[in-house]
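Q: Following this message is one structure expressed as structure tokens.
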Amino acid sequence: MTEVERLQKRIDELEAENAALRQKIAFLEAQIKSLMEMQKKNSSNSSKPPSSDGLKKPAPKSLREKTGRKVGGQHGHKGSGFPLPDKVSSVVPCLPEACKTCLNADFCQVQPQRIVETRSVVDVQIDVKRIDYEQVERSCPVLKETIQGVFPPWVTSGKQYGPGLLSLVMALTTDGAVSIDRTHTLLKALTGLSISTGTIATLIKNFSKDILPVWEKIRDALLSEDVVNCDETGLRVAGKLHWAHNVSTDKYTLQAVDEKRGEEAMRRIGFLPRYTGIIVHDGLSSYWQFQVEHGLCNAHILRELKGIQENYPEQSWAKELSAALIRMKKARERAIAAGKEALSYASVCRYRRIFLRIVGLGIAENPLEDRKPGQRGKVRRSAPRRLADRLWSHVDEFLRFLSDWRVPFDNNQAERDLRPLKTKIKVSGCFRTALGAENFGRIQSFLSTAKKQGTNVLEAIRYALSGMPLAAIPSLATE
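Position 212 of the sequence shown, counted from 1, bears residue number 200 in the working numbering, the numbering being contiguous throughout.
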């Protein structure tokens, strides 16, 4: 081998090595970018739940634009004020300091006193009462026999807790998100009554069993709604991952807990297989398996677009699309405020063209990689390209809120209805049993629906404990 041939061979080897290194560097750079993108993701710029933020929770930043108005109630806003009880329980005179030590203060007639100012203090006092129900027996001269009185249906034993106390226990452990142990401790400190944790657990179990028919009626009522909001969230049950499924409107809330997140669980719950209206959701693939119409949550998209702007600042289309979606939302709100029944067909078409034009820019700015020789499967897509493809494929579902005003801009209704469950987990920890999680979901369905229809929590629980749970939900009680 001549010197020239040897040098040419060496050059070829170096070029091959250089090409391999370039390929490896490109792969590592892509990995670093992907890892940095994952590190920057949080609940404000992606679909990650707020519970995943931990101690690095970002400062809240609204997507709304500043209006220039001052913070607080605006001119013309009618506040609720501070209502005082009609009845004055007691009056405490505030005497001058000199009169407090004067022996003649109570008999002083030199100068008649007058009230200069009155300041009212509203306070509460925990009052434990013992109420004895006595069964009376009499000899009736009319019936010619001995007759006895009857105890109220809920007075079933020689000694028991009353509905007021039981309602407070239920309110603390459910709507208040307090654990059973802490409820026991708190009630003992407040009332001096030591209600055992076993009694509290049994109360919750029986309460959930009693309202099962109401839960089923809520499910049936939701079946007749034109549009419902669907969402799901994870929770730990007996150390394993379970899922809480939510279906709701501004009138009803239906929640159920299952081991699965997807279609299998949704079919077990028994709502979506029977529903024929429009479901608004975040795009989970399982929802597309049912014969319904779909509306997709734009709040999720705004968060994802914010993530694109932060991680890929060169992607100008993301900011433009965010601004366009906000304009569409405001256009609908202005039309509703003006008393219109719908946006004009021309306006809807124009907004749709704007949406597709901007998404088209996102696709153009993120071309697919060339398929390598022998490569199988799908070609890798960047995060901006994946989002742009999803927006293009489901443009009708994302923009359904423009043409059908029954459909909301976002799925926040379902997220708000799931928030009490997340609060319960944060305050009390995981559920120890599947039955405990199931009971909480059923009770939360009842209480959330009652609150939406104007019944406060304690009143709703009292109705249920007295055997009249439907009285807490007027729309179901009148059926």
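Cβ atoms here follow ideal geometry from the backbone N, Cα and C, with glycine treated the same way. These numbers were taken from a predicted model, which means no experiment stands behind them.
1. Could you give the uninterrupted runs of the alpha helix (DSSP H) lying entirely in the segment 313 to 387, keeping only those of 4 residues or more?
2. DSSP state of Gly283, grouped into three classes?
3. What residues in its chain sit with their C-beta under 6 angstroms from that of Phe434, if we drop five residues either side in the sequence?
4. Give the secondary structure of Asn444 by DSSP, where H, G and I count as helix, E and B as strand, and everything else as coil.
5. Taking the straight line between their C-alpha atoms, what separation do you get for Leu409 and Lys75?
6. So the beta strand (DSSP E) Asn217 belongs to, where does it begin and stop?
7. Can you look up Asp270 in the DSSP assignment and give me helix, strand or coil?
8. In the DSSP assignment, the alpha helix (DSSP H) including Ala460 goes from what residue to what residue?
9. Quick one: does His63 have its CB under 9 angstroms from some CB of chain D?
10. Using the C-alpha atoms, what's the distance from Phe419 back to Glu385?
11. Where does Thr(-10) sit, in a helix, a strand or coil, going by DSSP?
12. Quick check on Asn6: buried or exposed, where buried means 16 or more other Cβ atoms within 10 Å of its Cβ?
13. Quick check on DSSP: helix, strand or coil for Glu133?
14. DSSP three-state call for Asn234: helix, strand or coil?
15. Please state whether DSSP places Phe419 in a helix, a strand or coil.
16. Give the single residue among Ala425, Arg341, Ser22, Val415 whose Cα lies nearest to the Cα of Leu229.
17. Output yes or no for whether 9 angstroms exceeds the beta carbon distance between Ala306 and Gln297.
18. Pull up the distance between the alpha-carbon of Arg255 and that of Val280, whole angstroms please.
19. Can you tell me which of the three DSSP states Thr246 falls into?
20. Quick one: what does DSSP say Ser127 is sitting in, helix, strand or coil?
21. Examine the Cβ distances between the segment 430 to 449 and the segment 155 to 162 and report whether three or more of them are shorter than 8 angstroms.
22. Find the nearest neighbour of Phe195 within the set Val166, Lys88, Thr162, judged by alpha-carbon distance.
23. Specify, as a first and last residue, the run of the alpha helix (DSSP H) that Thr185 falls within.
24. Note down, in chain order, each residue of its chain lying with its Cβ closer than 6 angstroms to the Cβ of Glu247, except the 5 sequence neighbours on either side.
25. Which whole-angstrom value is the C-beta distance of Leu181 and Leu175, which I expect to be below 8 angstroms?
26. What do you reckon, are the CB atoms on Ala402 and His288 nearer than 9 angstroms?
27. Tell me Thr241's beta-bridge partners as DSSP assigns them.
28. Give me the Cβ distance between Gly283 and Phe389, rounded to the nearest whole Å; I'm assuming they're in contact under 8 angstroms.
29. I need the DSSP call for Lys58, collapsed to helix, strand or coil.
30. With distances taken Cα to Cα, identify the nearest neighbour of Glu353 among Cys337, Pro372, Val367, Ile192.
31. Could you tell me which residues DSSP pairs with Leu229 in its beta bridges?
32. From what residue to what residue does the alpha helix (DSSP H) around Glu302 run?
33. Straight-line CA distance for Arg126 to Leu178?
34. Do you know offhand how far Lys(-3)'s Cα is from Asn286's?
35. Would you mind giving the Cβ-Cβ distance between Thr241 and Asp405, rounded to the nearest angstrom? I have them listed as a contact below 8 angstroms.
A: Short version:
1. 333 to 352, 371 to 381, 383 to 386
2. strand
3. Ile199, Val202
4. coil
5. 38 angstroms
6. 215 to 225
7. coil
8. Counting along the chain, Ala460 falls outside any alpha helix (DSSP H), and DSSP gives it neither H nor E.
9. The structure shown contains no chain D, having only a single protein chain.
10. 36 angstroms
11. coil
12. exposed
13. strand
14. strand
15. strand
16. Ala425
17. yes
18. 14 angstroms
19. The sequence given here has Asp at residue 246, not Thr. The answer is strand: DSSP assigns Asp246 an E or B state.
20. strand
21. yes
22. Thr162
23. 185 to 198
24. His230
25. 6 angstroms
26. no
27. Ser236
28. 7 angstroms
29. coil
30. Pro372
31. Arg224
32. Element bounds for Glu302: n/a, residue is neither H nor E.
33. 41 angstroms
34. 59 angstroms
35. 5 angstroms
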